[in-house]
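Structure record follows, encoded as structure tokens.
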RNA sequence: GGAGGAGUGGCCGAGUGGUCGAAGGCGCUUGACUCGAAAUCAAGUGUGCUCGUUUGAGCACCGGGGGUUCGAAUCCCUCCUCCUCCGCCA
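Residue numbers (this note's numbering): 37 to 492.
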């Protein structure tokens with residue numbers, strides 16, 4: 037616990053951050069993404085399974101670090117042991133005698149040597165932990181192997197894309213024609229990748245939030261939780277956004293704007309030991325999400341698909357390891373239910389090994405039909421992280437007879453609001469520019485149709 | 001933002017330089033008693049790591065980091081967090 041890594045001391049940028057924000061350790065424990073024992077004992081297996089992701093990891097260096105660590109721990113502990121033995125002796129000696137002075141001088145040297153070994157041990161452990169932070173989670177056996185999104189496996193398809201008897205407009209045109217969407221002024225007021233929603237479209241946004249929250253709490257057994265929208269460094273570490281994806285995050289002083297409610301909600305139980313019988317714990321949380329979308333320049337620049345700020349209803353589960361894959365299936369089903377009730381055609385794909393997110397062991401994407409692009413686009417991402425986040429965030433459960441064990445965490449969008457609006461605008465548009473409101477939302481929207489232009 | 005107080009094991013809470021991984025209590029486990037339960041009695045009950053085939057042995061951990069010392073839960077510095085009071089504010 038104490039020898040927990042000052043990983044940030046290795047990176048100038050992070051060192052500056054550490055000073056600036058006044059923290060020493062973003063995490064309060066030594067846990068890493070990969071279990072150290074498992075890594076040591078299944079080294080080749082980890083190497084092979086990591087290779088499935090097509091990421092560059094220096095396993096040669098890792099092997100050396102593991103061996104060095106083991107040796108230094110052994111030596112440091114031996115030195116400490118010797119020191120302790122002599123300390124027992126000096127306690128019994130008269131403090132004014134010459135023997136005392138002599139032994140004290142010896143001990144001074146011994147102490148220095150032990151400290152030195154201990155420092156070396158710490159340094160190696162720090163380096164090792166630092167490296168481990170950048171190793172992605174192991175992929176689950178059921179994940180299809182592949183390089184990129186073209187290798188993802190379509191699991192099932194729901195609904196049929198609507199046949200239009202007119203050329204469908206994209207969501208920006210539908211929204212602007214209705215006078216309810218203003219991308220231009222968002223550019224003026226803030227910049228690219230922001231939007232103004234107005235009137236009934238703004239209403240649609242929070243109606244969708246309410247609709248989803250009600251569905252998941254009343255019918256799927258989730259507890260609603262409204263989290264902070266700013267989180268600290270340790271939380272970003274806990275769920276795996278940091279240290280690798282710092283450039284994707286917006287920061288305010290020492291805080292981070294949440295990229296997803298997953299971060300505050302998963303970290304809700306950080307450093308806790310939960311009773312086994314409480315599992316699974318299921319939360320549903322609304323939050324705005326802030327992402328820099330670094331590296332996506334030129335992609336989805338038009339419209340609401342890829343924004344720096346969007347809203348989302350997120351499902352988060354804390355599961356017993358034995359049942360986490362059943363929980364993943366039901367989580368996906370819960371998210372799918374939203375699309376079904378909204379009458380939006382979609383498909384479920386299992387991400388291949390090369391397309392899988394850093395922290396996920398397995399991930400299903402829900403992709404909704406987007407008429408203007410004539411393809412399915414991601415609207416939800418449902419992942420099982422197994423113990424990866426639980427190790428980082430130190431979230432465990434205790435069985436009545438056993439020791440504390442890391443539990444499994446899962447989460448998924450249920451759903452992303454912005455993209456749901458995109459899907460509704462496109463799939464429910466009419467030739468005359470009006471918009472039909474999905475039946476499930478008519479009561480909340482107080483109307484079954486939007487006719488433009490409205491507002492100014 | 002200003003002033004003061006506090007951070008100890010699953011929980012509460014003692015402990016101000018070595019005899020403290022840490023009293024005591026609660027909780028939990030096991031055993032005794034009981035037809036059974038409660039109550040009572042007895043024993044046990046932290047985490048991580050290293051070595052060892054096993055029994056086991058060792059090291060570290062009292063909010064984080066650093067320092068003083070032969071030796072730190074205990075002394076010093078620093079950071080974080082929480083609480084109380086004042087100020088400001090949706």
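Note that beta-carbon positions come from the ideal geometry of N, C-alpha and C, so glycine has one too.
Please read these numbers as outputs of a predicted model, since none were measured by experiment.
Check: Quick one: what's got a C-beta closer than 6 angstroms to residue 419's C-beta in the same chain, skipping five residues either side?
Finding: 396, 399
Notebook entry, point to check: Where does residue 416 fall in DSSP's three states?
Noted result: strand
Notebook entry, point to check: Name the DSSP bridge partner or partners of residue 309?
Noted result: 432
Next item on the list: Could you name the residues of the same chain whose beta carbon sits closer than 7 angstroms to that of residue 140, not counting the 5 residues immediately before and after it, in chain order?
Entry: 126
Margin query: With the cut-off set at 8 angstroms, would you say residue 370 and residue 207 are in Cβ contact?
Written below: no
Next item on the list: Mark residue 259 as exposed unless 16 or more other C-beta atoms lie within 10 angstroms of its C-beta, in which case mark it buried.
Entry: exposed
Notebook entry, point to check: For residue 312, which of 201, 146, 434, 193 has the nearest alpha-carbon?
Noted result: 434
Margin query: Helix, strand or coil for residue 384? Go by DSSP, reduced to three states.
Written below: strand
Checklist line | Selection from 233, 479, 472 that minimises the alpha carbon distance to residue 485 | finding: 472
Next item on the list: Starting from residue 350, trace the beta strand (DSSP E) both ways and give me its first and last residue.
Entry: 345-355
Check: Whose C-alpha, out of 465, 116, 180, is nearest the C-alpha of residue 149?
Finding: 116
Item checked: Residue from 266, 79, 169, 243 whose Cα sits closest to the Cα of residue 289 -> 266
Check: So what does residue 485 bridge to, in DSSP terms?
Finding: 472
Notebook entry, point to check: Just curious, the beta strand (DSSP E) that residue 395 is in, first and last residue?
Noted result: Unbroken run through residue 395: none, as it is neither H nor E.
Item checked: CB contact flag (residue 443, residue 374, <8 angstroms) -> no
Item checked: Proximity winner among 72, 236, 405, relative to residue 482 (alpha-carbon distances) -> 236
Checklist line | Exposure of residue 322, with buried meaning 16 or more beta-carbon neighbours within 10 Å | finding: buried
Note to self: According to DSSP, simplified to helix, strand and coil, what is residue 228?
What the structure shows: coil
Notebook entry, point to check: Is residue 181 helix, strand or coil when you go by DSSP?
Noted result: coil
Check: From the DSSP output, which residues share a beta bridge with residue 447?
Finding: 352, 419
Next item on the list: Keeping to the same chain, check which residues put their C-beta closer than 7 angstroms to that of residue 454; ignore five residues upstream and five downstream.
Entry: 340, 343, 346, 347
Checklist line | Local Cβ density within 10 Å of residue 220, reported as buried at 16 or more and exposed below that | finding: exposed
Next item on the list: Kindly give me the distance between the Cβ atoms of residue 104 and residue 179, rounded to whole angstroms, as I take these residues to be in contact under 8 angstroms.
Entry: Contact flag wrong, Cβ pair sits at about 33 angstroms.
Next item on the list: Decide if the region 182-202 is in contact with the region 212-226; the criterion is three or more beta carbon pairs, one per stretch, under 8 angstroms apart.
Entry: no
Margin query: Spatial neighbours of residue 187 within its chain, please: C-beta separation below 6 angstroms, excluding the five flanking residues on both sides.
Written below: 388
Check: Which one of 412, 129, 448, 92 has the shortest CA to CA distance from residue 458?
Finding: 412
Item checked: Boundaries (first-last residue) of the alpha helix (DSSP H) holding residue 247 -> 235-250
Note to self: With three or more beta-carbon pairs closer than 8 angstroms as the criterion, would you say the region 301-317 touches the region 327-341?
What the structure shows: no
Checklist line | Same chain, Cβ closer than 7 angstroms to residue 249, neighbours up to 5 away in sequence not counted | finding: 260, 320, 322, 349
Notebook entry, point to check: So, is residue 224 buried or exposed, given that buried needs 16 or more other C-beta atoms within 10 angstroms?
Noted result: exposed
Item checked: 4 or more residues per run - each alpha helix (DSSP H) lying fully within the region 98-177 -> 134-168
Next item on the list: Could you give the DSSP three-state label for residue 425: helix, strand or coil?
Entry: helix
Next item on the list: Please look up how many angstroms separate the CB atoms of residue 172 and residue 89, rounded, as I've assumed it's under 8 angstroms.
Entry: 6 angstroms
Checklist line | DSSP beta-bridge partners of residue 189 | finding: 386
Margin query: Our contact map puts residue 356 next to residue 316 with C-beta atoms below 8 angstroms; I'd like the distance itself, whole angstroms only.
Written below: 7 angstroms
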